[in-house]
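Numbering (full-length UniProt numbering), first residue to last: 1 to 384.
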Amino acid sequence: MDVKKLKKLLKNDESIKQDYKLKLDFTTESGKKEFAKDVSALANSRGGRGYLIIGIEDKTRKIVGINQDEIKEEQIQQVIATRIEPPVPISYDIIEIEGKDVGVVTIYQSEQKPYQFKENGAFYIRRGSTTDTMRKEEIISSLQDNLSLDTELCPIIKSNIDFINMELVKKYFTLHNIEINDNNKEILMSSTGIITRESEDKEYKCTLGGLLVFSCINYLQLPHNIVRIVNKINSKYEEVTTISGDLLSIMDQCEEKLNAMLPQNYPIDAVFEGVKNAVIYRDYTLYNKEIEVILDYKNISVMSPGILLKNSKGAFINTHNYIKRNMWIYEKMITLDTKDRFYKSGRGFTRMKKAFKDYGKVKFLNDTTQNTFKVIYPSINNFK
């Protein structure tokens, strides 16, 4: 976005792909809801990219301007991620025009439509210059046009193909007995959802899943993709260790740290099972939460962002019928993990409980208030 592009947009009236706002109000819940509703409506409407231009009187199109310190892109991303499913790919630019700052939210085309408003389950669309709920036939049509519903396939707008570790990509395709070379790599990566290209943009962007699995530097765009280990039991190691990188290397580093910090007679594999599940199944749309492992004398705990989703019967802990997230990521990880850590016999919850059979109960806590799932293991003192 630049001044030339903004001037061109300002010549347009409000439409199904363009809206004007005098300001954004993120100090109230109603303000956040209204913004998220507007973004989802622009994203669901046909016709290419959408634009929400802030600091403009909607009727006169008079440039009023904004205080650029009031709203940051991180806040906008967070509002969208927590209120729209799947998150809408956007970028936010502040452009100076006629001596005033104007904010522009660009809403990119994606194959993830239709976007749903989480709070009430509604789908919104623009009708002329107003926001309305989508009709049943419109929802069906949008679903037919866009059959890719995996959150992992959402594009990360400010990424590019250089973020991808091609050695990991080559390893993945080689393990599937597929030859990859300079001539076919973009086609293969695009067809498998590692990268994607918007219809109006010639450059490839990484998908959320592509960055998580195949990028060692994904922290540049996904700073929440970390595991934080808080060590209160072993003075030989730092109290806080932060681990980032591609998901396979995160798993490897976590396994190494747990084996080093925990007593060798403690069921370390059961704790790693909890960490492994968190890395695979956490909700990666929660941009303000990280995986946290706390090693304490009282208990050991693994906290994963996103509650464990119940099945239609409401069960999840005592059955294996809970809903699993991130199946695109799961397939990539079981392929890349040459240590076969996903093929061990038995189910994860069952293995955790059996490991502590004679030493105490393993607790599974679904915290709907904090939107987290936590596994709490018995005290290491039980193993002395």
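Just so you know, even glycine gets a beta-carbon here, dropped at the ideal spot from N, CA and C.
Remember, it's a predicted structure, so these values are computed and weren't measured experimentally.
Would residue i and residue j be called neighbours here (beta carbons separated by less than 8 Å)?
i, j, result
"Lys324", "Tyr281", "yes"
"Ser244", "Ile226", "yes"
"Glu273", "Arg351", "yes"
"Met333", "Val169", "no"
"Ile300", "Tyr359", "no"
"Glu186", "Tyr172", "no"
"Ile156", "Cys206", "yes"
"Lys8", "Arg83", "no"
"Trp328", "Asp150", "yes"
"Lys72", "Gly48", "no"
"Thr241", "Lys257", "yes"
"Gln64", "Ala36", "Reading off the sequence, residue 64 comes out as Val, not Gln. It is not a contact, given that the beta carbons lie outside the stated cut-off."
"Leu248", "Asp340", "no"
"Ile229", "Val293", "yes"
"Leu42", "Asp19", "yes"
"Asp246", "Asn277", "no"
Given a threshold of 16 other Cβ atoms within 10 Å of its Cβ, counted over all protein chains shown, does residue i qualify as buried or as exposed?
i, result
"Asn181", "exposed"
"Asp2", "exposed"
"Val362", "buried"
"Thr192", "buried"
"Thr319", "Low per-residue confidence applies at Thr319: pLDDT is 45, beneath 50, and the placement is therefore not dependable, though the value from the model is reported in the following sentence. The residue in question, Thr319, is exposed, as its Cβ has fewer than 16 Cβ neighbours within 10 Å."
"Val271", "buried"
"Gly99", "exposed"
"Ala260", "exposed"
"Asn381", "exposed"
"Asn184", "exposed"
"Gly128", "exposed"
Between the C-alpha atoms of residue i and residue j, what's the straight-line distance to the nearest angstrom?
i, j, result
"Asp101", "Cys216", "36 Å"
"Tyr108", "Pro305", "26 Å"
"Thr368", "Asp283", "13 Å"
"Lys202", "Thr60", "35 Å"
"Val375", "Ile307", "12 Å"
"Ser159", "Gly55", "28 Å"
"Ser312", "Ala355", "Confidence is the limiting factor: at Ser312 the pLDDT is only 48, short of 50, which leaves the residue's position unreliable and the question unanswerable from this model."
"Lys11", "Asp162", "36 Å"
"Ser373", "Val275", "Checking the sequence, you will find Phe at residue 373 rather than Ser. Going from the Cα of Phe373 to the Cα of Val275 covers about 12 Å."
"Asp38", "Ile268", "48 Å"
"Leu262", "Leu295", "8 Å"
"Phe26", "Tyr266", "47 Å"
"Ser40", "Phe383", "53 Å"
"Glu29", "Leu175", "48 Å"
"Gln221", "Glu70", "22 Å"
"Ser379", "Gly121", "42 Å"
"Phe349", "Glu331", "20 Å"
"Asn67", "Glu74", "16 Å"
"Leu52", "Ser15", "11 Å"
"Ile139", "Glu179", "39 Å"
"Lys136", "Tyr343", "42 Å"
"Lys353", "Val302", "14 Å"
"Asp198", "Met166", "Per the sequence shown, residue 198 should be read as Glu rather than Asp. Using only the alpha carbons, I get a separation of about 22 Å."
"Lys4", "Thr106", "15 Å"
Closer than 7 Å by C-beta to residue i: which residues in its own chain qualify, once you throw out the five before and the five after it? Chain order, please.
i, result
"Leu6", "Ile95, Ile97, Val102 and Val104"
"Asn44", "Lys113, Pro114, Tyr115, Phe123, Tyr124, Ile125, Met134 and Ser142"
Spatial neighbours of residue i within its chain, please: C-beta separation below 6 Å, excluding the five flanking residues on both sides.
i, result
"Asp93", "Met1 and Val104"
"Lys289", "Pro305"
"Ile317", "For Ile317, the pLDDT reaches just 49, beneath the cut-off of 50, and the residue's location in the model is therefore unreliable, although a value from the coordinates is still provided. For Ile317, where only same-chain residues beyond five positions count, the Cβ hits under 6 Å are Phe364."
"Lys118", "Arg83 and Glu85"
"Ile76", "Tyr92"
"Lys21", "Ile54"
"Asn366", "Ile307, Leu308 and Phe373"
Terminal residues of the continuous beta strand (DSSP E) containing residue i?
i, result
"Asn366", "Lys363 to Asp367"
"Asn277", "No beta strand (DSSP E) contains Asn277, which is instead part of the alpha helix (DSSP H) from Ile268 to Tyr281."
"Asp101", "Lys100 to Ile107"
"residue 385", "Lying before the first or after the last residue shown, residue 385 is absent from the chain, which here runs from 1 to 384."
"Phe163", "Neither: Phe163 is in no beta strand (DSSP E) and is coded neither H nor E."
"Arg126", "Tyr124 to Arg127"
"Glu292", "Ile291 to Leu295"
"Arg38", "One point to set straight first is that residue 38 is Asp, not Arg, in the sequence displayed. Per DSSP, Asp38 belongs to no beta strand (DSSP E); it is in the alpha helix (DSSP H), Glu29 to Asn44."
"Val302", "Ile300 to Pro305"
Quick one: give me the first and last residue of the alpha helix (DSSP H) that residue i is part of.
i, result
"Gln77", "Glu73 to Arg83"
"Thr174", "Met166 to Leu175"
"Ile334", "Met327 to Leu336"
"Ile250", "Leu247 to Met261"
"residue 387", "In this structure the chain extends from 1 to 384, so residue 387 is not present and cannot be described."
"Arg186", "Residue identity differs from the one stated: residue 186 is Glu in this sequence, not Arg. Start and end: Lys185 to Ser191."
"Met352", "Gly348 to Ala355"
"Lys374", "Unbroken run through Lys374 is the beta strand (DSSP E), Thr372 to Tyr377; no alpha helix (DSSP H)."
Leaving out five residues on either side along the sequence, give the residues of the same chain with a beta carbon under 8 Å from the beta carbon of residue i.
i, result
"Leu286", "Ala81, Thr82, His224, Pro305, Gly306 and Asn371"
"Leu153", "Glu111, Gln112, Gly193, Thr196, Thr207, Leu208, Gly209 and Trp328"
"Tyr297", "Lys232, Ile233, Ser379, Ile380 and Asn381"
"Thr335", "Tyr172, Leu175 and His176"
Measuring only from the beta carbon, is residue i closer than 7 Å to any heavy atom that is part of the ligand ZN?
i, result
"Arg126", "The ligand ZN is absent from the structure shown, which contains no ligand whatsoever."
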